[in-house]
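Per my numbering, residue 1481 is the first one in the sequence shown, and the count goes up by one each step.
See below for the structure under consideration.
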Amino acid sequence: MIRIGDIIEKIETYNPDFDEDLIRKAYIFSAKAHQGQIRLSGEPYLIHPLEVAGILAEMQLDEPTIATGLLHDTIEDTFATYAQIKALFGQEIADLVEGITKISKMSFSSSEDTQAENFRKMILAMTRDIRVILVKLADRLHNMRTLKFQKPENQQRIAQETLDVYAPIANRLGIEWLKSELEDLSFKYILPDAYLTLERKIVKSEKERDHYIEFVKKILTEKLREEGIIADVSGRPKHLYSIFKKMQSQNIEFSDIYDITAFRVIVNTIPECYEVLGIIHNLWTPIPGKFKDYIALPKSNFYQSLHTTVIGPKGERIEIQIRTHEMHKVAEMGIAAHWKYKEGINLDERDDKRFSWLRQLFEYQKDLKNNAEFLETIKIDLFPDEVFVFTPTGEVKSFPRGSSPIDFAYSIHTEVGNHCKGAKVNGRIVPLRYNLHNGDRVEIITHPQAHPSKDWLKLVKTSRARTKIRQWIKTQEREQSIQLGRELLEKETKRYSVNLSHLYKDGSLERVAQAFSLQTVDDLLATIGYGKITSRQIIRRILSFHDGEPEKPEVVEKPFKKILTRITRKDQTSVLIRGEENVLIRLAKCCNPLPGDKIVGFITRGRGITIHRADCDKVLNSDPQRLIDAKWKSGESILHPVRIQTLSTDRRGLLAEITKELSNLGADILSANVQTTEDHQAINQFVIAIKDLKHLNKIIRALNHIKGIVEVKRIHA
Ligand code: MN
């Protein structure tokens, strides 16, 4: 059983100036917090944090990390709180302990590959301080070493989780010994029979293997000495799980000791590595295709070595790794080998290079800021572009950063997305514009009446959600157009005293659709709605089926009204509805919009689309479902009737001046109304033909300059 004194001694060997008080304080706090608790083994609980701290000291980590090892279960399992730990040990250690607590709360139930990968990523992503992961791995290692005290069903689950999630993380961080031990311990519980058989064979062949190792070692060491190279040569069995995997993948039985022995040559310099390789290839025949140069091309976890396989003295295959002492340290300890962040604050260029491997490790070189900053904070965003969240059933899903609950809803099912009304994140209701965070548990609230809107397109990040929303809107717009087309056509048929339903029944509409090369009557109605074909054209076509020319309706128009009608009708081409020309529109009388005004279309019942100013009261109070995008077509110079009113003193000749000014500015007067009040003021109203808002403003400015004019305004009557 490890004692606090052992841990302190261990730290002293690599960090003589460490803060011993801090470690002792953490030890005492942990001892008090866990007092009375016992482990399943029957031992005092305190053994566990002590062992974890011991493993971390073995990895030569800094005092805050080792203190965290001692405290790591206090928030989760005792009455100790984050605030307490922060008050006693500071923010840094409190955050580390809290980080471990968060990871421990994650439940991992599925062994599906993608799930495991997501979990690994999530753990890494949620842990912005990599030391949290190191403590978690040490914690898991000790729990695996004492797994025999757990119930059998828990053993299976914990071992599988270790193999799926934690061993790959250790591998990713390049800590070889930890990865191997976690794998072997998991293997032992997941496939106990295979494990025991393999272990028995290895034990049985121990003597023979030792002889063989000595034999190869002797030949190699002497040969290297002849060439003037001092090297550590060693041979040892590979770890069980790697032998097992090799047997599985190559579908072979464990036959002899050669298959399970690996040799390693450790030298001082990189040139010596290549020299040793040459000597070995001279001594024994290399097997083609088995040589790998991980010195020139390091693995993503910064592992470096030369690997070769040769035909040995007994005709057997020998696997040999060649590396420097420095590379060996990195291979064994991984990230921890370089964990000297304190010196790192004053980085020189050499250190900068040394740490560049971390960037490779996390494959996000381009997104990391400068190394110095990174080391200063010791916080890394390992997956800056992704967030990982839970479904209510505990499944993990990944999304682009900045995604909203709508993205989540569409990832579940299109219908969930199309009826998404809101979301609960970690049990709380959030708005749809909420940004998903790592570890969020997301639940979607749906409602049959809820449906997508154009605004959603601004909130979503996934292409799936974007596509589905666009699809919905398009379908919706088509339905709107069919509805509008039907109403326009009905209105037109009424003028000819024809019943629309009759035209449906007798197949006339179908024939018209065919005549216009359209598939269905709905297509025809949508085309009318979009204004591509007018309802009058349809009627003419139908009447031509019946061999008759349509009778022109008798319309009696006063000359003045005629002008207005002509002008208004021309306006139809000056407005684009959803980017479409030639849609049947009317300008609303209530607000009388002018080119330049912000406008919106209103789908009336049976009278086409009316164009209102966007700020018109009537629009603001109408059914938003019936509103439709409308825009002025630019570059059109069509005249619009606008009513203006002037207030002035009742001065002789003023009216003449006003009309002169209007004609100078190119505004025809369509009608005029002159009134005089009792207090000798004049109120004049003119309906003038205006090009656009700019034109109108120019006129208003000009009239305002006329002597005697008090006020000029546009009125909507
Ligand atoms: Mn623990």
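Every residue gets a Cβ at the ideal spot worked out from N, C-alpha and C, and that includes glycine.
Within the segment 1912 to 1982, the alpha helix (DSSP H) runs of at least 4 residues that lie entirely inside it are, in chain order, 1936 to 1939, 1943 to 1975.
Collapsing the DSSP output to three states places THR2000 in coil. When DSSP states are grouped into helix, strand and coil, HIS2160 belongs to the coil group. At least one heavy atom of the ligand MN falls within 6 angstroms of the beta-carbon of ASP1619.
Only residues of its own chain outside the window of five on either side were considered, and among them ASN1898, HIS1931, PRO1932 have a CB closer than 8 angstroms to the CB of TRP1952, listed in chain order. Note on ASN1748: under 16 other CB atoms within 10 angstroms of its CB, so exposed under the neighbour-count rule. For ILE1723, the closest C-alpha among the options HIS1893, SER1660, ALA1511 is that of SER1660. In the DSSP assignment, GLU2191 falls within the unbroken beta strand (DSSP E) covering 2189 to 2195. For the ligand MN, a non-hydrogen atom lies closer than 6 angstroms to the CB of ASP1553.
The beta carbon of HIS1719 sits closer than 6 angstroms to those of SER1660, ASP1664, all from its chain and outside the five residues before and after it, given in chain order. Taking the C-beta atoms as reference points, PHE1868 is found nearer than 7 angstroms to ASN1918. The DSSP-derived three-state label of ASP1712 is strand. In this structure, LEU1937 sits away from ILE1924, with a CB-CB distance that is not shorter than 7 angstroms. Within the same chain, ILE1484, LEU1550 come within 6 angstroms of TYR1507 by CB-CB distance, once the 5 residues on both sides are set aside. Between SER1521 and PHE1629, the CB-CB gap stays under 7 angstroms.
Around the beta carbon of THR2090, a 10 Å sphere encloses 16 or more other beta carbons of the protein chains shown; the residue is thus reported as buried. Residues CYS2071, PRO2073, ASP2077, LYS2078, ILE2079 of the same chain have their beta carbon placed closer than 7 angstroms to that of ARG2093, with the five preceding and five following residues left out of the count. One alpha carbon belongs to LEU1704, the other to THR1871, and they sit about 60 angstroms apart. Beta-bridge partners of GLN2165 (DSSP): GLN2125, ASN2153. By alpha-carbon distance to TRP2112, the top candidate from ASN2153, LEU2135, SER2128, ILE2065 is ILE2065. Only residues of its own chain outside the window of five on either side were considered, and among them ALA1513, THR1554 have a CB closer than 6 angstroms to the CB of ALA1560, listed in chain order. Counting C-beta pairs closer than 8 angstroms gives fewer than three between the segment 1561 to 1580 and the segment 1516 to 1532, which falls short of the contact rule. DSSP, read as helix, strand or coil, puts PHE1667 in helix. Checking the DSSP bridge columns, you'll see LYS2111 partnered with LEU2056. With a contact defined as Cβ atoms closer than 8 angstroms, SER1878 and VAL1940 miss out at about 15 angstroms. Around the beta carbon of HIS1761, fewer than 16 other beta carbons lie within 10 angstroms, which makes this residue exposed.
For the pair of segments examined, the segment 1991 to 2011 was found to touch the segment 1967 to 1977: the number of CB pairs separated by less than 8 angstroms reaches three. The Cβ neighbour count for ASN2101, taken over all protein chains shown within 10 Å, is under 16; the residue is labelled exposed.
Pairing ALA2152 with ARG2106, the inter-Cα distance amounts to about 36 angstroms.
DSSP places PHE2025 in the uninterrupted alpha helix (DSSP H) bounded by 2015 to 2025. For ALA1903, the enclosing beta strand (DSSP E) starts and ends at 1900 to 1905. In this structure, the straight-line span from the alpha carbon of ALA1903 to that of LYS1954 is close to 25 angstroms. With fewer than 16 other Cβ atoms inside 10 Å of its own Cβ, PRO1496 counts as exposed. Within the same chain, Cβ atoms closer than 6 angstroms to the Cβ of ARG1744 are found at SER1714, GLN1801, the five residues on either side in sequence being excluded.
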